Structure formats: C-alpha cells, structure tokens
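Visitor:
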Amino acid sequence: MQSINGSIRSKKYDVVGICTAMVDCEHEEQLPMEVISSFGLLNGSGMKLVTDQFERDYLLVLLDSMGGYKLHPGGSVANTLTGISVLGGTAAMCGSVAMDAMGMYFLQEQQQYGVT
Numbered sequence: 001m002q003s004i005n006g007s008i009r010s011k012k013y014d015v016v017g018i019c020t021a022m023v024d025c026e027h028e029e030q031l032p033m034e035v036i037s038s039f040g041l042l043n044g045s046g047m048k049l050v051t052d053q054f055e056r057d058y059l060l061v062l063l064d065s066m067g068g069y070k071l072h073p074g075g076s077v078a079n080t081l082t083g084i085s086v087l088g089g090t091a092a093m094c095g096s097v098a099m100d101a102m103g104m105y106f107l108q109e110q111q112q113y114g115v116t
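According to this note's numbering, the sequence shown holds residues 1 to 116 in order.
Right, here's the structure in full:
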C-alpha cells in the first residue's frame with residue numbers, strides 16, 4: 001500500500017497507459033497504385049490514420065473485395081500494455097475507442113491478453 005496525501009491506496013495495476021485505440025489493416029497482396037493514391041498516399045509512404053467512418057467502411061469493403069485482409073490491434077501504448085500483461089504484469093488502458101466493428105475488435109483483442 002502507498003500513502004498519497006495521507007490516504008492509503010492499494011496498487012491495482014502495474015501500468016496504466018493513455019492512448020487512442022488503433023487497428024492495423026494488412027492486405028495479403030500488394031494493392032494497385034490507383035487504390036493507394038485514392039487514400040492520398042504514395043507507395044511506401046507508411047500509414048494513414050483513418051478517422052472518418054465512411055472512409056473506414058470504404059477501406060474495409062475495398063480490401064475485402066480484393067482478396068481479404070488481416071486485422072492487428074496496434075499503437076505503441078496498446079502493444080506495450082499487451083506485452084506487460086503477457087509477461088505477467090497487470091495493465092489497463094485509458095483512452096478512446098470507437099463503438100464500431102473496429103473498436104469492438106480492438107477491445108476483444110486487448111481483453112484476450114488481459115489488458116483491462
């Protein structure tokens with residue numbers, strides 16, 4: 001137990017991370033240049049944060065029609081919390097999660113690894 005300003009509190013988590021939920025979409029084959037440029041990207045330019053619901057839905061339908069994709073929960077804080085939990089620590093996330101399919105996927109994956 002630790003004393004904070006005269007009060008006694010017990011430690012519930014080893015680490016609490018503050019972050020925004022992120023989900024990486026990995027296409028199984030290289031996308032055509034037209035598709036890449038339709039999202040305002042150049043080939044090899046890295047990632048793009050997709051925040052608009054229409055854009056997110058469009059991307060998933062597009063990837064699905066082109067042979068499927070894999071989802072991976074991501075973001076450095078979320079990955080760190082998962083690692084801490086897998087190694088036996090207790091971890092919790094504080095942040096924003098969209099109430100859509102991607103957000104639910106993110107929460108399920110984090111909970112599967114013991115991150116609350």
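For glycine and all other residues, C-beta sits at the position ideal for the given N, C-alpha and C. None of these values were measured; they are calculated from a predicted model.
Kindly indicate which three-state DSSP category Ala21 falls into: helix, strand or coil?
Guide: One-based indexing of the sequence shown puts residue 21 at position 21. It is coil, neither helix nor strand.
Visitor: Which class does Leu87 belong to by DSSP, given the choice of helix, strand or coil?
Guide: Locating residue 87 in the sequence shown gives position 87, counting from the first residue. Correct three-state label for Leu87: coil.
Visitor: Sort Val97, Val23, Asp24 by Cα distance to Thr116 and report the nearest one.
Guide: Counting from 1 along the sequence shown, the entry for residue 116 is found at position 116. When each option's Cα is compared against that of Thr116, the closest is Val97.
Visitor: When the Cα atoms are used, what is the spatial distance from Leu107 to Gly74?
Guide: On the sequence shown, position 107 is the one that residue 107 refers to. On the sequence shown, position 74 is the one that residue 74 refers to. So the alpha carbons of these two residues sit roughly 11 Å apart.
Visitor: Does the Cβ of Leu49 have 16 or more other Cβ atoms within 10 Å, making it buried, or fewer, making it exposed?
Guide: Here residue 49 is taken as the residue at index 49 of the sequence shown, counted from 1. Leu49 should be labelled exposed.
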